[in-house]
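Novice: Right, I'll just put the structure down here and ask away after.
There are 2 protein chains.
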Amino acid sequence: MNSRRNSFPFLNKYSSISDILGDHELASLGDAFVNLIYSLALSKAAGRPVGRKLDSRVLSSALRKAGLRSLLPHRMDRHKLADAAEALIVYGWLSGVISLEEALNMVSREGDLSDNICSLLKLVWERVGLALRGY
Amino acid sequence: MNSRRNSFPFLNKYSSISDILGDHELASLGDAFVNLIYSLALSKAAGRPVGRKLDSRVLSSALRKAGLRSLLPHRMDRHKLADAAEALIVYGWLSGVISLEEALNMVSREGDLSDNICSLLKLVWERVGLALRGY
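Residue numbers (my numbering), protein chains in the order written: chain S, 1 to 135; chain R, 1001 to 1135.
See the structure below:
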């Protein structure tokens, strides 16, 4: 898949999943990516264009279900947990381990939205983990 | 380029540039796309991740400079003009006449941001116009 490391050399500064999850600036960029994916998924389902922000409850719940909560410090509120999820998802896309289409297809699946985001987080976690370890 | 018409059959309902520019729902989805492109351009320039919304002043000014204002009704405020720009840009991406990378490269150019968005709007307008006329 298409890595954007040449355009975004800051991707090389992260050496662990915890680094990625805890980066607030990355979360801020991730917010824009996740809102686009979510809006596209809603548009696909509705058969008309929709633009909407994904609620932090859904993201924080997905992060917990994916088993990523333990990689983060204690005493983080829901918004910080949602930030962590957004940071990991956009890192996965920018580093090329997942395409926009694949992310969209996962979020668009039938069933519970936070379960879908959980699956996306687990997939990105696995692939980013392998890439960080140099496989 | 990769058209998303199969996933988003509503793309087929637009028969003119004015149809696209005037669609508020499409503008809402376009807002998510444009904010991602803008945030990526800022991240590329800053060498660190940035997430930010593009100001409606920049978008409405770009729309006027591109010569698209005359295709819209009178008495539209700045926010409605910005909406029109966002609608056209996301239509261009979804219909496959411009890729995310090409849009990002245009917005990332040196120089005035609203001039860059103006160039992007003119390019999408030209290509969408050709596609709508069946060339």
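Idealized CB from N, CA, C, for every residue including glycine.
Can you round the beta-carbon distance between leucine 36 of chain S and alanine 1032 of chain R to whole angstroms, since I take them to be within the 8 Å contact cut?
Specialist: Yes, leucine 36 of chain S and alanine 1032 of chain R are in contact; Cβ-Cβ is about 4 Å, under 8 Å.
Novice: For tryptophan 95 of chain S, I'd like the list of residues in its chain whose CB is within less than 8 Å of its CB, leaving aside the five on either flank, ordered along the chain.
Specialist: A quick correction: the sequence has serine, not tryptophan, at residue 95 of chain S. The residues are Ser3, Arg4, Arg5, Leu11, Val128, Ala131.
Novice: Run through chain S and tell me which residues come within less than 7 Å of lysine 1044 of chain R, C-beta to C-beta.
Specialist: Here the neighbours are Ser7, Phe8.
Novice: Looking only at its own chain, which residues have a Cβ that is under 7 Å from the Cβ of leucine 1040 of chain R, when we skip the five neighbours before and after it?
Specialist: Once the five neighbours on either side are set aside, the close Cβ partners of leucine 1040 of chain R are Leu1104.
Novice: Kindly list, in the order they appear in chain S, the residues whose Cβ is closer than 8 Å to that of arginine 1048 of chain R.
Specialist: Per Cβ cutoff of 8 Å: Phe10, Glu25.
Novice: Taking contact to mean at least 3 C-beta pairs separated by less than 8 Å, is the segment 1099 to 1116 of chain R in contact with the segment 1070 to 1086 of chain R?
Specialist: No, the segment 1099 to 1116 of chain R is not in contact with the segment 1070 to 1086 of chain R.
Novice: Please go through the same chain and pick out, in chain order, the residues whose beta-carbon is closer than 7 Å to the beta-carbon of serine 1119 of chain R, but skip the five residues on each side of it.
Specialist: Excluding residues within five positions, the ones whose Cβ falls inside 7 Å are Met1106.
Novice: Between which residues of its own chain and valine 1050 of chain R is the CB-CB distance below 8 Å, once the five residues before and five after are set aside?
Specialist: Same-chain partners within the cutoff: Ser1039, Leu1042, Ser1043.
Novice: In angstroms with no decimal places, state the Cα-to-Cα distance between leucine 88 of chain S and valine 124 of chain S.
Specialist: Answer to the nearest angstrom: the Cα atoms are 7 Å apart.
Novice: Looking at chain S, is there any beta carbon in it that lies within less than 8 Å of the beta carbon of serine 1028 of chain R?
Specialist: Yes - at least one Cβ of chain S is within 8 Å of the one on serine 1028 of chain R.
Novice: Please list, in chain order, the chain S residues whose beta carbon lies closer than 8 Å to that of asparagine 1116 of chain R.
Specialist: Under the 8 Å cutoff, chain S gives no residues; its nearest Cβ is about 16 Å from asparagine 1116 of chain R.
Novice: Give me the Cα-Cα distance between aspartate 23 of chain S and glutamate 86 of chain S, rounded to the nearest whole angstrom.
Specialist: About 10 Å.
Novice: Let's test the definition: count the other Cβ atoms within 10 Å of the Cβ of serine 60 of chain S and tell me whether it reaches 16, buried, or not, exposed.
Specialist: Label assigned to serine 60 of chain S: buried.
Novice: Against chain S, with Cβ distances strictly below 8 Å, would aspartate 1031 of chain R count as a contact?
Specialist: With 8 Å as the cut-off, aspartate 1031 of chain R counts as an interface residue toward chain S.
Novice: Would you list, in sequence order, the uninterrupted alpha helix (DSSP H) runs of no fewer than 4 residues that lie entirely inside the segment 1067 to 1091 of chain R?
Specialist: Taking only runs of at least 4 residues, no alpha helix (DSSP H) segment lies wholly in the segment 1067 to 1091 of chain R.
Novice: Taking the alpha helix (DSSP H) that phenylalanine 33 of chain S falls in, what are its first and last residues?
Specialist: Phenylalanine 33 of chain S -> alpha helix (DSSP H) spans 24 to 46.
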